[in-house]
Amino acid sequence: MSRIAYVNGAYVRHSDAGVHIEDRGFQFADAVYEVCEVRKGLIVDLTRHLDRLDRSLRELRMAHPMGRDALTVVIREVLRRNHVRHGMFYLQVSRGAAKRDHFFPSADTVPTLVITAKSTDPSVMLRKYETGIKVITLAENRWDRVDIKTVGLLPNVLAKQQAKEAGAQDAIYIDRNGIVMEGASSNVWIVAADGTLVTRPAEYGILRGITRTTLLDVAAALKIAVEEREFSRDEMLAAREVFFTSATGSCTPIVSIDGKPVANGHPGSVAANIRDAFFEIAEKTAI
Ligand code: PMP
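Take 1 as the starting number for the sequence shown in the numbering used here and just add one per residue.
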């Protein structure tokens, strides 16, 4: 079965899909994106993801490729044509193809829209949740507008590769004052000694994860106390539990940081309980 992608108005075979070589996404990373989870044939948190897309486009003064209803139709169609029941869709909007010049192109330049989808094996994620993952920490070295979900992900790519070469699966950015920022593709949470969930504020310096926002709803429903405040690498190393959230990683336990075990070195129960309640509470949109 061949995969199908949507590129600028056409559904094309994934292997044949392409954009212009002077696309501003390709030339300048002048593009934004979203990734959304699909579970049990339902799209998770679609409204929040499309709201964040609107914000990213607005912050970069980029034109919207199409209205929300039309976009939702296309997303559904891509998922349908790829027979995705468990997996994700990826959506990228660039400022379009134009003669290479740093300045914004003329206002009539049509934004590029690419949507792809893929199925994933839920049992692979389940295994990850059961064993937890190892991470490394590294100095924050990204531009300071990481609140916009841009495709300028080179520092994140280098961070993940560094983690892999150190025998870990992911990385956490630490600022120059020793404060935890976020993961290379996720937000970071800790469970403090008294059971309070702690995650840093998302006003600046991190991407406001959709899973993070929905997890605040989940914590409220489960009556778990939450504090949105900064915490240091040292506080994280001493925490009862540490976990990541992201659309495709749900709530992933971290069991080792820079080679040191988190608590007893096994995934904790708070992350597991939250994960169990998450799908129930998140918005679900039929494909
Ligand atoms: N931070 C970064 C840097 C990310 O790339 C992501 C998602 N890929 C997140 C946080 C989590 O965001 P979401 O929950 O919307 O997937």
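Where a beta carbon is used, it is the ideal one built from N, C-alpha and C, also for glycine.
Asked                                                                                                                                                 : Found
Would a C-beta distance cut-off of 8 Å place ALA184 and ALA220 closer than the cut-off?                                                               : no
Closer than 8 Å is the cut-off here; do at least three beta carbon pairs connect the stretch 5-22 with the stretch 87-100?                            : yes
Near LYS128, which residues of its chain fall below 7 Å by C-beta distance, leaving aside the five closest residues on each side in sequence?         : THR252
Under DSSP, the beta strand (DSSP E) around PHE28 begins and ends at which residues?                                                                  : Where PHE28 is concerned, there is no enclosing beta strand (DSSP E), although the alpha helix (DSSP H) it sits in stretches over 24-28.
When you compare each of ILE115, GLU77, ALA63 to THR109 by their alpha carbons, which one comes out closest?                                          : ALA63
Assign LYS40 to one of two classes, buried (16 or more other C-beta atoms within 10 Å of its C-beta) or exposed (fewer than that).                    : exposed
With a Cβ-Cβ cutoff of 8 Å, do SER232 and VAL270 count as a contact?                                                                                  : no
Report buried or exposed for LYS260, applying the criterion of at least 16 other Cβ atoms within 10 angstroms of its Cβ.                              : exposed
Helix or strand or just coil, what does DSSP make of ALA117?                                                                                          : strand
Going by DSSP in three states, TYR290 sits in which element: helix, strand or coil?                                                                   : Past the edges of the chain, shown from 1 to 287, lies residue 290, and the structure says nothing about it.
Would you check if the distance between the CB atom of TYR173 and the CB atom of GLU130 is smaller than 8 Å?                                          : no
Looking at ligand 1, does it come within less than 7 Å of GLU59, judged from the CB to the closest heavy atom?                                        : no
Can you give me the Cβ contacts of ARG61 inside the same chain, cut-off strictly under 8 Å, excluding the 5 residues immediately before and after it? : PHE104
Does the beta carbon of VAL292 fall short of 7 Å from some heavy atom of ligand 1?                                                                    : The question about residue 292 has no answer, for the chain in this structure spans 1 to 287.
Is ALA166 helix, strand or coil by DSSP?                                                                                                              : coil
Exposed or buried, ASN82, counting other C-beta atoms within 10 Å across all chains shown (16 or more means buried)?                                  : buried
Under 8 Å, with one C-beta from each stretch per pair, do the stretch 113-129 and the stretch 236-246 reach the 3-pair mark?                          : no
Where does ALA70 land, buried or exposed, given buried means 16+ other C-beta within 10 angstroms?                                                    : exposed
Would you say the beta carbon of ALA29 comes nearer than 7 Å to a heavy atom of ligand 1?                                                             : no
Does the Cβ of TYR6 have 16 or more other Cβ atoms within 10 Å, making it buried, or fewer, making it exposed?                                        : buried
According to DSSP, is ILE281 helix, strand or coil?                                                                                                   : helix
Excluding five sequence neighbours on each side, which residues of the same chain lie with their C-beta closer than 8 Å to the C-beta of ALA168?      : ILE133, LYS134, VAL135, ILE136, SER256
Can the beta-carbon of GLY67 be found less than 8 Å from the beta-carbon of SER119?                                                                   : no
Hey, would you say the C-beta of SER119 is under 7 Å away from at least one heavy atom of ligand 1?                                                   : no
Taking 7 Å as the line, does the beta carbon of LEU46 fall inside it for any heavy atom of ligand 1?                                                  : no
For PHE278, tell me which candidate among GLU228, LEU46, ASN8, LEU215 has the shortest Cα-Cα distance.                                                : LEU215
Rounded to the nearest angstrom, what separates ASN156 and LEU222 at their Cα positions?                                                              : 33 Å
At a cut-off of 7 Å, is THR137 close to ligand 1 when judged by its beta-carbon and the heavy atoms of the ligand?                                    : no
With DSSP as the reference, identify every bridge partner of ASN187, one or two as the case may be.                                                   : THR245
What is the DSSP secondary structure of ALA310, counted as helix, strand or coil?                                                                     : The chain is shown only over 1 to 287; residue 310 falls outside these bounds and no answer can be derived.
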